[in-house]
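Everything on this sheet refers to the single structure shown next.
Protein chains: 2
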Amino acid sequence: MTSIKDIARLAGVSISTVSRTLNNYSDVKPETKEKVIKIAEELNYFPNAVAKSLVQKKTHTIGVFFGNNMNLGFDHPFFLDIISAVREVVGNAGYDLIIFTNKNKERATYTTLCRERSVDGVVLLLTGEGKKKNEQFIELQESGIPCIAIDLPLKGDKCTYVESDNYFGSKLAMEHLANLGHQVIAFIGGDEISKTSYDRLRAYQDSMMEYGIGYNPNLVYLGYFSKGIAQKATKELMRQRPDITAFFVASDEMAITVIETLKALGKNVPNDVSVVGFDDIREASFCTPPLTTVKQNKHDIGSEAAKMLLEIIEKSDIKPKPKTLDCDLVIRDSTAPPK
Amino acid sequence: MTSIKDIARLAGVSISTVSRTLNNYSDVKPETKEKVIKIAEELNYFPNAVAKSLVQKKTHTIGVFFGNNMNLGFDHPFFLDIISAVREVVGNAGYDLIIFTNKNKERATYTTLCRERSVDGVVLLLTGEGKKKNEQFIELQESGIPCIAIDLPLKGDKCTYVESDNYFGSKLAMEHLANLGHQVIAFIGGDEISKTSYDRLRAYQDSMMEYGIGYNPNLVYLGYFSKGIAQKATKELMRQRPDITAFFVASDEMAITVIETLKALGKNVPNDVSVVGFDDIREASFCTPPLTTVKQNKHDIGSEAAKMLLEIIEKSDIKPKPKTLDCDLVIRDSTAPPK
DNA sequence: TTGTATGCGTTATCAT
DNA sequence: ATGATAACGCATACAA
Numbered sequence: 001m002t003s004i005k006d007i008a009r010l011a012g013v014s015i016s017t018v019s020r021t022l023n024n025y026s027d028v029k030p031e032t033k034e035k036v037i038k039i040a041e042e043l044n045y046f047p048n049a050v051a052k053s054l055v056q057k058k059t060h061t062i063g064v065f066f067g068n069n070m071n072l073g074f075d076h077p078f079f080l081d082i083i084s085a086v087r088e089v090v091g092n093a094g095y096d097l098i099i100f101t102n103k104n105k106e107r108a109t110y111t112t113l114c115r116e117r118s119v120d121g122v123v124l125l126l127t128g129e130g131k132k133k134n135e136q137f138i139e140l141q142e143s144g145i146p147c148i149a150i151d152l153p154l155k156g157d158k159c160t161y162v163e164s165d166n167y168f169g170s171k172l173a174m175e176h177l178a179n180l181g182h183q184v185i186a187f188i189g190g191d192e193i194s195k196t197s198y199d200r201l202r203a204y205q206d207s208m209m210e211y212g213i214g215y216n217p218n219l220v221y222l223g224y225f226s227k228g229i230a231q232k233a234t235k236e237l238m239r240q241r242p243d244i245t246a247f248f249v250a251s252d253e254m255a256i257t258v259i260e261t262l263k264a265l266g267k268n269v270p271n272d273v274s275v276v277g278f279d280d281i282r283e284a285s286f287c288t289p290p291l292t293t294v295k296q297n298k299h300d301i302g303s304e305a306a307k308m309l310l311e312i313i314e315k316s317d318i319k320p321k322p323k324t325l326d327c328d329l330v331i332r333d334s335t336a337p338p339k
Numbered sequence: 340m341t342s343i344k345d346i347a348r349l350a351g352v353s354i355s356t357v358s359r360t361l362n363n364y365s366d367v368k369p370e371t372k373e374k375v376i377k378i379a380e381e382l383n384y385f386p387n388a389v390a391k392s393l394v395q396k397k398t399h400t401i402g403v404f405f406g407n408n409m410n411l412g413f414d415h416p417f418f419l420d421i422i423s424a425v426r427e428v429v430g431n432a433g434y435d436l437i438i439f440t441n442k443n444k445e446r447a448t449y450t451t452l453c454r455e456r457s458v459d460g461v462v463l464l465l466t467g468e469g470k471k472k473n474e475q476f477i478e479l480q481e482s483g484i485p486c487i488a489i490d491l492p493l494k495g496d497k498c499t500y501v502e503s504d505n506y507f508g509s510k511l512a513m514e515h516l517a518n519l520g521h522q523v524i525a526f527i528g529g530d531e532i533s534k535t536s537y538d539r540l541r542a543y544q545d546s547m548m549e550y551g552i553g554y555n556p557n558l559v560y561l562g563y564f565s566k567g568i569a570q571k572a573t574k575e576l577m578r579q580r581p582d583i584t585a586f587f588v589a590s591d592e593m594a595i596t597v598i599e600t601l602k603a604l605g606k607n608v609p610n611d612v613s614v615v616g617f618d619d620i621r622e623a624s625f626c627t628p629p630l631t632t633v634k635q636n637k638h639d640i641g642s643e644a645a646k647m648l649l650e651i652i653e654k655s656d657i658k659p660k661p662k663t664l665d666c667d668l669v670i671r672d673s674t675a676p677p678k
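Line by line, the protein sequences give chains Z and H.
Residue 65 in the working numbering sits at position 65 of the first sequence, with consecutive numbering throughout.
Take the position in the second sequence, starting the count at 1, then add 339; the result is the number in the working numbering.
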C-alpha cells in the first residue's frame, strides 16, 4: 500500500535516498537515515517483493512440483516429511515455497512454469510419476534452473537428485529374511520404469542368487505402486506358488495390503508367511502385526535436497552431485522363521 | 528470458500489439495476430508473472500460514488433507499456493507478509496455535486482505472462518458413551483458550448434565494438545478417580496416547475403560484397538474454505459468513459397555 | 488496427 | 551525501 514514494515525500528526500536507507547503505547521513526510518515505521512500510523481484531478478521463492495422482501428491506419505524438512532449510535461508497448483496452463511445462514465476530454484517431488514426462524432465535438466529431484535421476549443470540407497536397503531386507531361513521369497515391485523400483528389484534378484536360492521370475510381480495391484499380486502369487513363505514388497502401503490379503486368504502373518515392506510410513508401526520394513530417512532426504538446492542457487561454481542416503532395517512383528 | 520486446522486434510491430495479441484482444488484425503468435511460440515465450503482477496488482497466488510447533505445521495430521483440498480448488481457479516459510523477517506480521508478497488471499491453518498472536489476528481481520481461517474464529469484511461442528460432534460422542451405559466419563481437553477446544468441553459438560450424570470438574483435565499432557492426564485422572469407565478425549493423537497409557496401567480397552477420540486421523483406524472417534470432514473443510476465499477475492460485494461443517461418529473397537 | 507514452515499486547508475 | 533518471517486463489509456 505505502511505497517509498510516500516516505520520500513525507521525509522531504528523494526516493533513492529512501531506498538506500532502507537497504542499509553506508553513505546516508545519520540524521536523514533516522528520519526516514522513523517515517517508514510510522507508515508501517514494507517493501513490495514483486517490484523488488522485477528489478533484481531474484524472487526468494522455491518452486515445488508434486504429482496429481492418488498417493503421489499431498497424499503421498512422504510428501509431508520431506517438504517439512525442505521448508525448514529454505525458510532459514530466506525463501518462501511456492507450490505449483494452477491448472489453467495446458501448454505449460515444468520449465516454463518456473520461468513464468521466476522461481530461484525448484524441487521435484514426483515419486511415482515415472517417466511419462521424460521430455519435460530433459527440458528442465538443460534449462539452467537450479533443480533438485527426489527419487528421480535428473542430472544437469544446475540439477541433480537425492534418493535413498534403495539397493542397499533392499539387501538388508533380504538378508533379514534369508537369515530367518526363508527360501521361497516373493517380490512385489512398484513402477517398473523408475530407478527407485528397479534398484529394489535388482537387490532382490542379486540376493536370491547370493544366498544360493536362485532367481525365479515366477516369484516376482511388477506393476506400479498401488493397493489394488498389491492385492491382485498377492492372490496370484499365492495361487501359483503356495509354497511362498515370505514377501518382500517395494512399499509399505502395498505391504500392508499384502498382509490384509494374506489374512483374507486364511494365512497368519508372520507364522505362515512373513512380510517386509519399504519406506517406514507412520502406519507401518500401527498396523497388525506391526510391519518389518526398510526405513527411508525422509527428513534427511528433504533437508539434504534443500541444502544442495541452496548451494546451486547461491554458488555459481558448484558442480551438483547426486546424493544417496542410507536406509535402516526396522524389525517389527511381520517377520518370523518359516514353519 | 524472452520478452514481448523480442517478439515485437522480430514481428516488426510494437510491444502493445504483441501484448494485445497475447491477451486475446479483439482489435488485432488476423494476419498480425497469426504472425505474433507464431513467433511467440517459436521463441517459447511465456509471460513474466512478476512483471504482470506489478502492473495488474494481482499475483494469482494464495498465501498459506501454518504453525511451527510440533504437530501444528506440516506435521499436523490435518494439514495434508485440508491443504490438498485447498490446492485442488484454487488450482482449478488459476492460483498457485505460496507457503510462508521465510524466517528472516522478525518484525513481520501475517498482514505485512501478505502485503509484501501481494498475495490475492490467505489461508490460516494455525490449528492449535491458540491466541498467542491475538494482535496479529486483529490486524489481519481489519486489513482488508481476503482471508480464511481454519478453526480460528476470525471475522472481518474480507475475512471469516471454517470449522467443524465441534459441539455437535462431541455430543454424538457423549451420546454414544451414555447409550452404552457409562456414567463416570472423564474428559481430556486441548488448548483451553481455543474455540475448538472450548466447544468440545461445553458439549461434554452439557451432556453430563442432560444425561443426568452431573458435571464434576475433577473428571476434567485441560492442557493443550500434546501426547505428554495426555499421558499425564490419564495417570492423574485414573489415580484420583479409579472408577472412571470412559474417556472422551479432544483429539485422536491424545486419545491414542490415552489408550497406550491405560494399557500400561494394566487396563483393558475397551473392556475396562472405553475411549473416544476426535478428528479421525489415519492412525485412528490402525491403532489397537481401532479408535472410536468423531470424524472431521477435512477434505470438505479445505474445499469450503478455498471456495469461500475465491468468492471473497473475486466478488467485491460478498459478505463472508463463517461455515460450520458436520461431523460423524465413527464407531470402532475402543468403546464397549462398562463392566 | 496499430503505435506512443506512462506507470506499477523498486534498485542501480550516474551525476552533482 | 543526495537527487535524477533509467531500467525491469508488462498492460493500458490515449493518439493516430
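Think of the CB as a built atom: it goes at the ideal place given N, C-alpha and C, for glycine as much as any other residue.
CB-CB length for residue i against residue j, believed under 8 Å
i              : j              : result
I301 (chain Z) : G121 (chain Z) : Between G121 (chain Z) and I301 (chain Z) the Cβ distance is about 16 Å, and since that is not below 8 Å, they are no contact.
I99 (chain Z)  : D435 (chain H) : 6 Å
S536 (chain H) : D545 (chain H) : Actually they do not touch by this definition, with Cβ atoms about 15 Å apart.
T499 (chain H) : V458 (chain H) : So it is not a contact: roughly 17 Å between Cβ atoms.
N441 (chain H) : G94 (chain Z)  : 5 Å
I378 (chain H) : I343 (chain H) : That belief does not hold up - the Cβ atoms of I378 (chain H) and I343 (chain H) are roughly 10 Å apart, past 8 Å.
Nearest-angstrom Cα separation, counted from residue j out to residue i
i              : j              : result
E370 (chain H) : G351 (chain H) : 13 Å
F418 (chain H) : L464 (chain H) : 7 Å
E478 (chain H) : I259 (chain Z) : 53 Å
A424 (chain H) : N216 (chain Z) : 44 Å
N179 (chain Z) : A264 (chain Z) : 27 Å
S616 (chain H) : E592 (chain H) : Residue 616 (chain H) is actually Gly in this sequence, not Ser. Using only the alpha carbons, I get a separation of about 8 Å.
M409 (chain H) : D81 (chain Z)  : Low confidence applies to M409 (chain H): its pLDDT is 43, below 50, so where it sits in the model is not reliable, and the reading given next is rough at best. In a straight line, the C-alpha of M409 (chain H) is about 12 Å away from that of D81 (chain Z).
G73 (chain Z)  : S251 (chain Z) : Low per-residue confidence applies at G73 (chain Z): pLDDT is 47, beneath 50, and the placement is therefore not dependable, though the value from the model is reported in the following sentence. So the two alpha carbons sit approximately 16 Å from each other.
I331 (chain Z) : K571 (chain H) : 30 Å
T627 (chain H) : K396 (chain H) : 53 Å
G406 (chain H) : K472 (chain H) : 11 Å
K719 (chain H) : P581 (chain H) : Shown here, chain H extends from 340 to 678; a query on residue 719 (chain H) therefore has no answer.
A284 (chain Z) : E622 (chain H) : 10 Å
C486 (chain H) : F137 (chain Z) : 36 Å
R107 (chain Z) : F385 (chain H) : 10 Å
D272 (chain Z) : M647 (chain H) : 53 Å
G567 (chain H) : I620 (chain H) : 18 Å
CA nearest to the CA of residue i, picked from the options
i              : options                        : result
V614 (chain H) : H:K658, H:A525, H:L465         : H:A525
Q240 (chain Z) : Z:Y221, Z:G228, Z:D191         : Z:Y221
K606 (chain H) : H:I532, H:M577, H:V669         : H:M577
K339 (chain Z) : Z:V184, Z:D199, Z:S251, Z:Y224 : Z:V184
I83 (chain Z)  : Z:T335, Z:A305, Z:Q136         : Z:A305
K321 (chain Z) : Z:L329, Z:K155, Z:G189, Z:V55  : Z:K155
T663 (chain H) : H:E373, H:G402, H:K534, H:K571 : H:K534
T674 (chain H) : H:L516, H:D496, H:P581         : H:L516
F389 (chain Z) : Z:E175, Z:G214, Z:T112         : Residue 389 (chain Z) lies beyond the stretch modelled for chain Z, which goes from 1 to 339, so this question has no answer here.
K235 (chain Z) : Z:G214, Z:E210, Z:T261         : Z:T261
D490 (chain H) : H:K344, H:T356, H:D618, H:E622 : H:D618
G189 (chain Z) : Z:K158, Z:G223, Z:G63          : Z:G223
T398 (chain H) : H:C453, H:I568, H:F625, H:E373 : H:C453
Y167 (chain Z) : Z:T112, Z:N271, Z:K295, Z:I7   : Z:K295
D637 (chain H) : H:E502, H:R359, H:L361         : The sequence shown places Lys at residue 637 (chain H), not Asp. The residue with the shortest Cα to Cα distance from K637 (chain H) is H:E502.
D504 (chain H) : H:R539, H:I552, H:S482         : H:R539
Distance cut-off 7 Å: residue i Cβ against heavy atoms of the ligand PLP
i              : result
K534 (chain H) : As presented, the structure is devoid of all ligands, the ligand PLP included, so that no description of it is given.
query = Using Cβ-Cβ distances below 8 Å, what residues of the region 39 to 61 of chain Z are close to chain H?
reply = N44, F46, P47, N48, A49, V50, A51, S53, L54, T59, H60, T61
query = At which residue ranges does the region 97 to 170 of chain Z contain complete alpha helix (DSSP H) runs of 4 or more residues, listed in the order of the chain?
reply = 110 to 117, 134 to 143
message = My parser needs the alpha helix (DSSP H) runs of 4 or more residues fully inside the region 14 to 47 of chain Z; what are they?
response = 15 to 22, 30 to 42
inquiry  = List, from N- to C-terminal side, the alpha helix (DSSP H) runs of 4 residues or more that fit wholly inside the region 609 to 671 of chain H.
reply    = 637 to 653
task = Return the chain-ordered ranges of every alpha helix (DSSP H) run that is complete within the region 197 to 258 of chain Z and spans a minimum of 4 residues.
result = 227 to 240
inquiry  = Using a Cβ-Cβ cutoff of 7 Å, what residues of the region 106 to 122 of chain Z are near chain H? List them in chain order.
reply    = T112, R115, E116, R117, S118
request  = Identify each residue in the region 429 to 446 of chain H for which the Cβ-Cβ distance to at least one residue of chain Z is less than 7 Å, and report them in chain order.
outcome  = V429, G430, N431, G433, Y434, D435, L436, I437, I438, F439, T440, N441, K442, N443
ask   = Taking Cβ-Cβ distances below 8 Å as the criterion, which residues of the region 479 to 511 of chain H are in contact with chain Z?
value = none
key: Within 8 Å of chain Z by C-beta, residues of the region 610 to 628 of chain H in sequence order   = R621, E622, F625, C626, T627
key: Against chain Z: residues of the region 525 to 554 of chain H by CB proximity under 8 Å   = none
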